[in-house]
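With the UniProt record's numbering as the guide, the letters of the sequence shown map in order to residues 1 to 217.
We put the CB at the ideal spot given by N, CA and C, even for glycine.
Read through the structure below, which is laid out as structure tokens, and then see the notes.
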Amino acid sequence: MHPIKAVIFDFDGTILDTETHEFRRWQALYRDHNRELPLQEWQRGIGTWDAFDPWAGLPDHVQQNRQAVYAQLLETIHADIQAADLRPGVRNVLDAIRPAGLRLALATSSDRAWVTRWLEQHDLLRHFETLATRDDVTRVKPDPELYTLAVHRLGLHPHECLAVEDSLNGATAAAAAGLHVVVVPNEVTRTQAFLPEWGRVEGYEGGLESLLATVRG
């Protein structure tokens, strides 16, 4: 019998790649002002909050007009995400979880309104037994609190759960909570320094089986 009883997914970058759209728009804003936004710097803030301030690298006159600039930037980012599809193959994985006798939850550093909006748009909300969001905890990833909460709500032990993550902050949180971890990186997280003991697959084309196959023991 497989040791895994539940799969706990991250959202941003893992199910819907909001992160690459956001990075590209910030990168374009930097280039408009003859600046370069290093991916390595940006990666520090992926999957968490307040770890990286993108405004700090922009000229003073942009920062002074921050409210208007951000409103316009946010509009373009949301339009990009609105037009985007889920990551290739992820819908098939989510559809396969319950028929395989597994349970499904979500653990995200984003707020509930954000993830609910996109999950509903893509008709995925019904799949999840529980959502653990930044509204529910004191500390977001890389702190383990979100994963600890999700596991508690499922009534399971951490070692019975597999976390599916795309970022270093997220994978660190899941591992610290005692879960098995599989990383499915996206365009902006692919070069992060993931630990060798974590499972890794480059996409969802192998289905649920490819994620479960990374679990040792």
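Beta-carbon proximity check, I8 vs Y204, cutoff 8 Å: Position 8 of the sequence shown, counting from 1, holds the residue named residue 8. Position 204 of the sequence shown, counting from 1, holds the residue named residue 204. Cβ distance not < 8 Å, so I8 and Y204 don't count as in contact.
W55 burial status per 10 Å Cβ neighbour count (16 or more: buried): Position 55 of the sequence shown, counted from the first residue, corresponds to residue 55. Exposed is the call here.
Three-state secondary structure assigned by DSSP to D95: The count along the sequence shown starts at 1 and reaches residue 95 at position 95. Helix, per DSSP.
With 16 other Cβ atoms within 10 Å as the buried cut-off, status of D17: To locate residue 17, count along the sequence shown from 1; it is residue 17. It counts as buried.
Environment of N186 [buried if 16+ CB atoms lie within 10 Å]: For the purposes of this step, residue 186 is taken as the residue at position 186 of the sequence shown. The residue in question, N186, is buried, as its Cβ has 16 or more Cβ neighbours within 10 Å.
Where I8 falls: helix, strand or coil (DSSP): If you number the sequence shown from 1, residue 8 lands on position 8. If DSSP states are grouped into helix, strand and coil, I8 belongs with the strands.
Residues near R173 in its chain [Cβ-Cβ closer than 7 Å; skip 5 each side]: As a position in the sequence shown, residue 173 is number 173, starting the count at 1. For the sequence presented, residue 173 should be read as Ala rather than Arg. Closer than 7 Å at Cβ, skipping near neighbours: K141, P142, D143, P144, L146, Y147.
Whole-angstrom distance between D85 and P158, CA atom to CA atom: Residue mapping note: residue 158 aligns to position 158 of the sequence shown, counting from 1. Residue mapping note: residue 85 aligns to position 85 of the sequence shown, counting from 1. Near 31 Å, if we compare the C-alpha coordinates of D85 and P158.
Contacts around E75, its chain only, beta-carbon distance under 6 Å, and the 5 residues preceding and following it disregarded: For this step, residue 75 is matched to residue 75 along the sequence shown. Closer than 6 Å at the Cβ level, and outside the excluded window around E75, lies no residue.
Residues near Q192 by beta carbon distance below 6 Å, same chain, minus five either side: Here residue 192 refers to the residue found at position 192 of the sequence shown. Excluding positions up to five away in sequence, the list reads Q43, L168.
Touching by the beta-carbon criterion (3+ pairs, under 8 Å), the stretch 118-129 and the stretch 21-33: no
Contact check, T133 vs T108, beta carbons under 8 Å: On the sequence shown, residue 133 is found 133 positions in, with the first residue counted as 1. On the sequence shown, residue 108 is found 108 positions in, with the first residue counted as 1. Yes, Cβ-Cβ distance for T133 and T108 is below 8 Å.
Assigned secondary structure, A51 (DSSP; H/G/I helix, E/B strand, else coil): In the sequence shown, residue 51 corresponds to position 51, counting from 1. Coil.
Per-residue burial, L195 [other beta carbons within 10 Å of its own, 16 or more giving buried]: The residue given as residue 195 occupies position 195 in the sequence shown. L195 should be labelled exposed.
Three-state secondary structure assigned by DSSP to T76: The residue given as residue 76 occupies position 76 in the sequence shown. In this structure, T76 counts as helix in the three-state DSSP scheme.
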